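Q:
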Amino acid sequence: MTEAHLVSQAQTTKNATISPIWFLPIVAALLGFWILFENVTHANTTIKIHFENADSIIVDKTRIRYKGVIVGTVKKIELDSSSGVNVIAEIESHAKFMLREKTQFWLVSPKASLTSISGLDTLFSGSYINLHPGDGDSASNFNAVSEQPITIPDNALLVNLKSENAGSISVGTPLFYKKIQVGEVVRVRLDKSDQFVNIKAFINKQYSHLIKEQSQFWNISGLRANISTSGIDIQLASISSLIAGGITFSSPENSKRVTGNTPFILFDNIDASNAGIKVELTLNNITNLPKGAGIMFKGHGIGRITDITYSIEKQKFIATAYINPQFSDMMTEGAQFWIEKTAISFSKIENIGNLIKGDYIGFAPAVESVDKKSLDTFIVQSSQAPIGPILAVTLLTDDASGLNVGDPISYQGISIGKINSINFTKNGEFIESILHIAPPYQYLINKSSQFYLLSGINVKASLKGLEIQSSPLTHMISGGIGLYNQFAIKKHNKPSQLPRNTYFRLYPSKETAKIGKNVFTKPLNVSLLSENLPSVSKGSPVYYHKYPIGEVSGFAIDNSGLMRTILSIKGQYKHLIEKNSVFWNISGFKVNADLSGVNIEAESLLSIASGGIAVDIVPKIKGNKHSNGTYRLYDSYKEATQPSKQITITFDEGYELQIGTKLRLKGLVVGRIADLQLNNANKVEATVSIEPQFVKQVTKAGTRFWIIRSELSLSGAKNLSTIVSGVYINVSPGKGKPINHFTGEGNAPTVANKNVGLPIILLATNAGSTDISSPVYHRQIKIGEVIDKQLSSDASGVEITLNIYPQYSHLIRDNSIFWPASGFNLDIGITGASLKSTSLTSLIKGGINMTTSDQETLKPAASAFKRFELKKEFNEKWLSWKLAIPKP
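According to the numbering used here, the sequence shown is numbered sequentially starting from 156.
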């Protein structure tokens, strides 16, 4: 190929018409137009707001808000040429649509008054200007209002009230209907004549139907008191109306609804409005019945007498009364009115307060007033007549003391009837009382009902406290009968249906009524025998699971010489006394104090003071009775159900042992020393009580006992807790047959059972720093310990016995080498000094090292009690031996 062909030939292309570089200024121009458009369309709007003063308004800090959202900021404050100040503010572009001619601005600052508390958030954020959008054309100049404008809800009903004075009514005063707020006052002004006050209020849409053409409004603000010979009348609608004022109104059912802006008169009170239902009451006399006397229904005032006149034609008194509208549906045929007079006698005291304030009118509606004809004229009776059929209940009792004809029958403090008659039964065995139960309460009586005698005051004093039960004053004088039902009975109108010839017993108290018929069962006498008389007295309680079921009734000396305690068990509980019953003393308290602490056992404060005996049923119990069949009285429940096992342990010396010293097995207390004596061999014999649940583990041959004391030496400290708690006896269970006599050890066994392995003997010139329990090391791993050291038979040296743990016994070979690991080696030369020690433990406690040569073939494992020489000098090369010894 020629040189001309090797040269690349140039290619030519045609230039583009427009260079891409021209797109940059075009894009920049478009962005500029877009930014200009955004600034124009989203620019903030400047407005001017006129305030009387600029208190709490700060430039660049005070915000303008709408519904909590910041829509602007104060930028400048100028003095007005006439009065006040002009606040220049910027409104953000997204809020410009609210700037209309009727838009209102006001300053929000902390404000507290009797009627309201507002603006508390400004305590932290500072005052701000609130905005309420209005109608009209766009505007930029505004006059601020002094207070937040009141907003009338949509579709609310407006009412106009006319009053002689405003009283405590102001803007924001609530309107109530049956104590529920239904509206609010929005304006209070004088009328054109300046003689009356016009009050405009709105009623929320959901309550607008309550305003009728004949509705009447009256003021319930504040507190109204009327003091006269008839008493003190204090009227208070609510705490809120006492502080903030209030208006309420009536809503007659038969009146038409009203439209907006209907005028009404605002009365000072309900009496002035005569808003109640008017009725006429006819009376034979009005002695001690004043004008203004109340009409009461179940203790609740439902009306008041406003006028009393005498009718010559009827020869009777006519009283005009107004009834609260909410009770108007009760003014029907069958409704009763009667005079509640003062009654003072030995059998009853009623309405004693009427001596001061005068009598009043009682009221009771008809039993079924739904289909009854409405009335507005009634005759007032001298007393309330029974309503509906009477239920007669027959009550039997052995003694009629405290019962009188006319005495009340009460259920949970409410009178439900009276005693109609008291007579002997035909056979003369009981006294028969006939009770009349009023119709509204007849459903309370059933065949399971219990009746009990009511007394004036029951006082029960004991260590539990002082309990005083007081009945009403009538019961204190005349007594009465109470009704008890075990279960609550749902109220219904069906009459009680008792089987014919149903009789009830009269119980002496409510407590016995709760027990039921079994309370009349004869008590059971039970005798207990014990060596000593228990710390109880006549009347001391007998408990079953801490519930009293009887009492101690007497004491005697049995023919066997033992003390006999006689119990009286209530008849309803005698089924708890059977062949498996056990009794124990719970009187007083037991204190066990030692160095480990103080243990106090007591059943209750009552049993500490008065004593007591407890009983329980223990299945398969044995030995709870004497040979003559009389029950045993045990000192404790534990003694009765879990008698302890006693063994004896003999020690060479009993230093620090005492009665109460604990026996421990793996930290658990399994027994205590009950007695300490010297036997004939001058050794200490400890009688030990073993807890029942540990008897099988502890009382076996091979069990070892040794005393644990605190130890403190250069080699370490042990069992320091015994300095405070005292010594204890440690237990290592055996596996032999059960026995009762054991020999104790003064110190812990040299080797624990689990660590007993290969025993070998080292021969040394002297013991050196080696001591009992000094460790044996192989490659600085503890593989055993020193268990004994003694002089050789000829006293020419020392025999040190080692115990090699079972898992390491295969490491000891016939050619193994042993040398002391105690202390340290210090080698000082020209180049420096060298300090060597096996470990810190061996430095303090001493110890022995071992190894086996790898220069020879593996020798057989050493046999038990094989003898080795303890090398005096240490050879450095021993540390380099790495003989592999397989584990069998």
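The beta-carbon is built from N, C-alpha and C at its ideal position, and this holds for glycine as well. This structure is a prediction, so every number in the text was calculated from the model and none was measured.
Pull up the distance between the alpha-carbon of residue 971 and that of residue 1008, whole angstroms please.
A: In a straight line, the C-alpha of residue 971 is about 7 Å away from that of residue 1008.
Q: Here's a check: name, in chain order, each residue in its chain whose Cβ is nearer than 7 Å to the Cβ of residue 343, leaving out the five neighbours to either side.
A: Closer than 7 Å at Cβ, skipping near neighbours: 321, 324, 325, 326, 352, 354.
Q: Indicate whether residue 931 and residue 957 have their beta-carbon atoms separated by less than 7 Å.
A: Their beta carbons are under 7 Å apart, which means residue 931 touches residue 957 by this criterion.
Q: Looking at C-beta atoms only, is the number of pairs between the region 725 to 743 and the region 783 to 796 that lie closer than 8 Å three or more?
A: Yes, the region 725 to 743 is in contact with the region 783 to 796.
Q: Three-state secondary structure (DSSP) at residue 521?
A: Note: residue 521 maps to coil in three-state DSSP.
Q: Does the Cβ-Cβ distance between residue 844 and residue 822 come in under 7 Å?
A: Result no, Cβ atoms of residue 844 and residue 822 do not sit closer than 7 Å.
Q: Can you have a look at residue 235 and say buried or exposed, based on whether 16 or more other CB atoms are within 10 angstroms of its CB?
A: It is exposed - the Cβ of residue 235 has fewer than 16 other Cβ atoms within 10 Å.
Q: My output table needs one value for residue 305: the three-state DSSP class, helix, strand or coil.
A: The answer is coil: DSSP assigns residue 305 none of H, G, I, E or B.
Q: Grouping DSSP H, G and I as helix and E and B as strand, with all else coil, what is residue 782?
A: Correct three-state label for residue 782: coil.
Q: If you draw a straight line from the C-alpha of residue 284 to the C-alpha of residue 331, how long is it?
A: Approximately 33 Å, taken between the alpha carbons.
Q: From what residue to what residue does the beta strand (DSSP E) around residue 976 run?
A: Where residue 976 is concerned, there is no enclosing beta strand (DSSP E), given that its DSSP letter is neither H nor E.
Q: Give, in chain order, every unbroken run of the alpha helix (DSSP H) that is at least 4 residues long and sits entirely within the region 422 to 460.
A: Listed in chain order, they are 425 to 428.
Q: Going by the DSSP bridge assignment, what does residue 283 pair with across the sheet?
A: For residue 283, which the question treats as bridged, DSSP gives the partners 263.
Q: Determine, using beta carbons only, whether residue 577 and residue 588 come nearer to each other than 7 Å.
A: Yes, Cβ-Cβ distance for residue 577 and residue 588 is below 7 Å.
Q: Look at the alpha carbon of residue 711 and the alpha carbon of residue 717, and state the distance between them as a whole number of angstroms.
A: Near 9 Å, if we compare the C-alpha coordinates of residue 717 and residue 711.
Q: For the beta strand (DSSP E) containing residue 564, name the first residue and the last one.
A: Residues 563 to 566.
Q: Helix, strand or coil for residue 484, going by three-state DSSP, please let me know.
A: Here residue 484 sits in helix by DSSP.
Q: Apart from the five residues just before and just after residue 1029, which ones in its own chain have a Cβ nearer than 6 Å to its Cβ?
A: These residues qualify, in order along the chain: 974.
Q: Under 8 Å by Cβ, that's how I've got residue 375 and residue 366 pegged, so tell me the actual separation to the nearest angstrom.
A: At roughly 17 Å, the Cβ-Cβ gap does not stay under 8 Å, so residue 375 and residue 366 are not in contact.
Q: As a quick exercise: from 691, 566, 579, pick the residue whose alpha carbon is nearest that of residue 643.
A: Nearest option by C-alpha distance: 566.
Q: Whose CA, out of 519, 952, 936, lies closest to the CA of residue 454?
A: Of the candidates 519, 952, 936, the one whose C-alpha sits nearest the C-alpha of residue 454 is 519.
Q: On the premise that residue 856 lies in contact with residue 1051, defined as a C-beta separation below 8 Å, what is that separation, rounded to the nearest angstrom?
A: The displayed coordinates of the chain run from 156 to 1043. Any statement about residue 1051 would go beyond what the structure contains.
Q: 7 Å is my cut-off, CB to CB: does residue 309 come that close to chain C?
A: Chain labels in this structure do not include chain C; a single protein chain is all it has.
Q: Whole angstroms is fine: what's the gap from residue 818's alpha carbon to residue 918's?
A: Their backbone Cα atoms lie some 40 Å apart in a straight line.
Q: Can you tell me whether residue 254 is helix, strand or coil according to DSSP?
A: Looking at residue 254 - three-state DSSP - the assignment turns out to be coil, as it is neither helix nor strand.
Q: Out of 767, 852, 531, 289, which has the shortest C-alpha to C-alpha gap to residue 800?
A: When each option's Cα is compared against that of residue 800, the closest is 852.
Q: Which value, in whole angstroms, describes the spacing of the CA atoms of residue 797 and residue 859?
A: Roughly 25 Å between the two C-alpha positions.
Q: Put residue 1015 into one of helix, strand or coil per three-state DSSP.
A: If DSSP states are grouped into helix, strand and coil, residue 1015 belongs with coil.
Q: Based on the DSSP secondary-structure assignment, which residues constitute the bridge partners of residue 957?
A: Bridge partners of residue 957: 915, 941.
Q: Residue 665 lies in the beta strand (DSSP E); which residues open and close that run?
A: Looking at the DSSP string, residue 665 is not in any beta strand (DSSP E); the run it does join, the alpha helix (DSSP H), is 665 to 670.
Q: In this structure, does DSSP put residue 476 in helix, strand or coil?
A: DSSP places residue 476 in strand when its eight states are reduced to three.
Q: For residue 113, which residues in the same chain have their Cβ closer than 8 Å to its Cβ, ignoring the five residues on either side in sequence?
A: In this structure the chain extends from 156 to 1043, so residue 113 is not present and cannot be described.
Q: Distance check for residue 458 and residue 293, CA to CA, integer angstroms please.
A: One C-alpha to the other measures close to 59 Å.
Q: Would you decide whether residue 529 is buried or exposed? Buried here means 16 or more other CB atoms lie within 10 Å of its CB.
A: Counting Cβ neighbours within 10 Å, residue 529 comes out exposed, since fewer than 16 surround it.
Q: Thinking C-beta only, is residue 533 closer than 7 Å to residue 492?
A: Result yes, Cβ atoms of residue 492 and residue 533 sit closer than 7 Å.
Q: Assess contact between the region 725 to 732 and the region 675 to 688, defined as three or more Cβ pairs (one per stretch) separated by less than 8 Å. Is contact present?
A: Judged by Cβ distances under 8 Å, the region 725 to 732 makes contact with the region 675 to 688, as three or more pairs qualify.
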